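**Q** Got a structure here, written out as structure tokens. Questions coming.
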Amino acid sequence: VGGMHAAEGILTARGGMTSHAAVVARGWGKCCIAGCSEIRVDENHKVLLIGDLTINEGEWISMNGSTGEVILGKQALAPPALSPDLETFMSWADAIRRLKVMANADTPEDAIAARKNGAQGIGLCRTEHMFFGADRIKAVRKMIMAVTTEQRKASLDILLPYQRSDFEGIFRAMDGLPVTIRLLDPPLHEFLPEGDLDNIVHELAEETGVKEDEVLSRIEKLSEVNPMLGFRGCRLGISYPELTEMQARAIFEAAASMQDQGVTVIPEIMVPLVGTPQELGHQVDVIRKVAKKVFAEKGHTVSYKVGTMIEIPRAALIADEIAKEAEFFSFGTNDLTQMTFGYSRDDVGKFLPIYLAKGILQHDPFEVLDQQGVGQLIKMATEKGRSPSRAHCR
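Using the working numbering, the first residue of the sequence shown is number 1229, and each one after it goes up by one.
Printed below as a string of structure tokens:
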């Protein structure tokens, strides 16, 4: 994420249009071409190899994110702009539409840009993107390396003011509009440095003050064969409740602070990767206990909702049970698609072109929502979720 912030454009050898890098870059308005499998990056010699062609550090390349073209040399760039015809068409749509359009925004700057562009709230604020700043990542790594709850809490205490400040900025930008905040979701290893294992161990030992053999042991324990189906989402918050407590406290303290300043705050806390009502119930209890503490400390309350993201097929199948614990549903269609099809969205590019060429699939299911399978799960979850309880589906 730090590298993406620094980059003018992003070109990757792995992944595809719906990989995390591409999705995040799109949200930031950065040009990204993901899954250019012919390129090889030689970090040691700082060159990019494409067949017989060698491009050295400092040489120009130009990219067209819409077409996927990578062009050697410096080309003239055009700023993105809405055509007058499109603006007219969208005004017609606005007059009759029933759907709201909300933004993915992870920082106050993103939230301000979203509001300027007509977003009617934030539908997904990914809190993990708040952790990658140079001033924060060391505290995150100390948390990951922590052996005891006390050590973990000490690191989380360092992160709390950063999270609170970010939420204050987002709430201020979205004054009067809903903000849906997803609790920490990705596998913990994503916060560790990349590269040669010896260098990683040495770097982490220096950063965290933990002995190198202990760092190595911790990394080995974090290693997962398929991390997207592993230790992430609500599984983190259930295993380490202090993590959910810190994030909830940051949200409620920020909401109370902004409310004191006359900002209308509408926070919605979303628990990710839920597959059982017990998982959601555990996290709801933690969040509500923190809310009571903060409201008692501040002397007033903030109205809020707690819900979940339906992204595991089992959650869709038992949505009526999960709805008893949830005040709203969101749908995570990328994860729901990959788990329903059994396709890894980061690896599907190896065979998807063959499937499309041979007519086995008519569309890339990560670009066009599969109505027969994934769509049926969404329909079922919506109907089941609304029928017995107070949950509403967005």
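Cβ atoms here follow ideal geometry from the backbone N, Cα and C, with glycine treated the same way. Here the structure is a predicted model, which means the values were calculated and not measured.
For V1438, report the span of its alpha helix (DSSP H) as first-last.
**A** Here residue 1438 refers to the residue found at position 210 when the sequence shown is read from its first residue. Premise fails: V1438 is in no alpha helix (DSSP H) and is neither H nor E.
**Q** Buried or exposed, going by whether 16 or more other CB atoms sit within 10 Å of the CB of N1492?
**A** Here residue 1492 refers to the residue found at position 264 of the sequence shown. Note that residue 1492 corresponds to Thr in the displayed sequence, not to Asn. Exposed.
**Q** If you compare alpha carbons, which of I1546, D1598 and E1431 is closest to E1611?
**A** As a working mapping, residue 1611 is identified with position 383 in the sequence shown. The candidate whose alpha carbon is nearest that of E1611 is I1546.
**Q** Rounded to the nearest angstrom, what separates S1558 and E1422 at their Cα positions?
**A** Position 330 of the sequence shown holds residue 1558. Position 194 of the sequence shown holds residue 1422. Computed Cα separation, rounded: 32 Å.
**Q** Quick check: K1274 and E1287, are their CB atoms within less than 8 Å of each other?
**A** For this step, residue 1274 is matched to residue 46 along the sequence shown. For this step, residue 1287 is matched to residue 59 along the sequence shown. Not in contact: K1274 and E1287 (Cβ atoms no closer than 8 Å).
**Q** Assuming F1480 is part of the alpha helix (DSSP H), what are its boundary residues?
**A** Looking up residue 1480 in the sequence shown gives position 252. It spans P1469 to D1488 - the alpha helix (DSSP H) in which F1480 sits, taken as one unbroken run.
**Q** Can you tell me the Cα-Cα spacing of F1399 and F1360, whole angstroms?
**A** Sequence index remark: in the sequence shown, residue 1399 carries index 171 (1-based). Sequence index remark: in the sequence shown, residue 1360 carries index 132 (1-based). For F1399 and F1360, the distance between alpha carbons rounds to 21 Å.
**Q** According to DSSP, is T1246 part of a helix, a strand, or is it coil?
**A** Counting from 1 along the sequence shown, the entry for residue 1246 is found at position 18. Coil.
**Q** Report buried or exposed for V1499, applying the criterion of at least 16 other Cβ atoms within 10 angstroms of its Cβ.
**A** Residue numbering aside, residue 1499 sits at position 271 when the sequence shown is read from its first letter. V1499 should be labelled buried.
**Q** If we count the other Cβ atoms within 10 Å of its Cβ and call it buried at 16 or more, is K1370 buried or exposed?
**A** Position 142 of the sequence shown, counting from 1, holds the residue named residue 1370. Buried: at least 16 other Cβ atoms inside 10 Å.
**Q** Could you please give the first and the last residue of the uninterrupted alpha helix (DSSP H) stretch that includes V1602?
**A** By 1-based counting over the sequence shown, the position of residue 1602 is 374. Where V1602 is concerned, the enclosing alpha helix (DSSP H) stretches over V1602 to R1614.
**Q** By alpha-carbon positions, which one of S1290, R1446 and E1266 ends up nearest to L1624?
**A** An answer regarding residue 1624 cannot be provided, because it is not within the stretch 1229 to 1622 covered by the chain.
**Q** Where does L1508 sit, in a helix, a strand or coil, going by DSSP?
**A** Translated into positions along the sequence shown, residue 1508 becomes position 280. Residue state, collapsed to three classes: helix.
**Q** Can you look up K1552 in the DSSP assignment and give me helix, strand or coil?
**A** Numbered from its first residue, the sequence shown carries residue 1552 at position 324. In this structure, K1552 counts as coil in the three-state DSSP scheme.
**Q** Work out the CA separation of E1442 and V1368 for me, nearest whole Å.
**A** Reading the sequence shown from its first residue, position 140 is the one you call residue 1368. Reading the sequence shown from its first residue, position 214 is the one you call residue 1442. Taking the straight line from one Cα to the other gives about 17 Å.
**Q** Using DSSP with H/G/I as helix, E/B as strand and the rest coil, what is M1456?
**A** For the purposes of this step, residue 1456 is identified with residue 228 of the sequence shown, where counting begins at 1. Of the three classes helix, strand and coil, the one that applies to M1456 here is helix, per DSSP.
**Q** Helix, strand or coil for A1253? Go by DSSP, reduced to three states.
**A** Taking the first residue of the sequence shown as 1, we reach residue 1253 at position 25. In the structure shown, A1253 sits in a helix (DSSP, three-state: H, G or I).
**Q** Name the DSSP beta bridge partners of L1239, please?
**A** Against the sequence shown, residue 1239 aligns to sequence position 11. Partner(s): I1261.
**Q** Could you tell me the alpha carbon to alpha carbon distance between R1410 and G1461, rounded to whole angstroms?
**A** Here residue 1410 refers to the residue found at position 182 of the sequence shown. Here residue 1461 refers to the residue found at position 233 of the sequence shown. Roughly 9 Å between the two C-alpha positions.
**Q** In terms of alpha-carbon separation, which member of A1333, A1342 and A1341 lies closest to M1353?
**A** Sequence index remark: in the sequence shown, residue 1353 carries index 125 (1-based). A small fix is needed here, since residue 1353 is Cys in this sequence, not Met. Out of A1333, A1342 and A1341, A1333 has the C-alpha closest to the C-alpha of C1353.
**Q** If you reduce the DSSP assignment to three classes, tell me which class G1286 lands in.
**A** Numbered from 1 along the sequence shown, position 58 holds the residue referred to as residue 1286. Three-state DSSP puts G1286 in coil, outside helix and strand.
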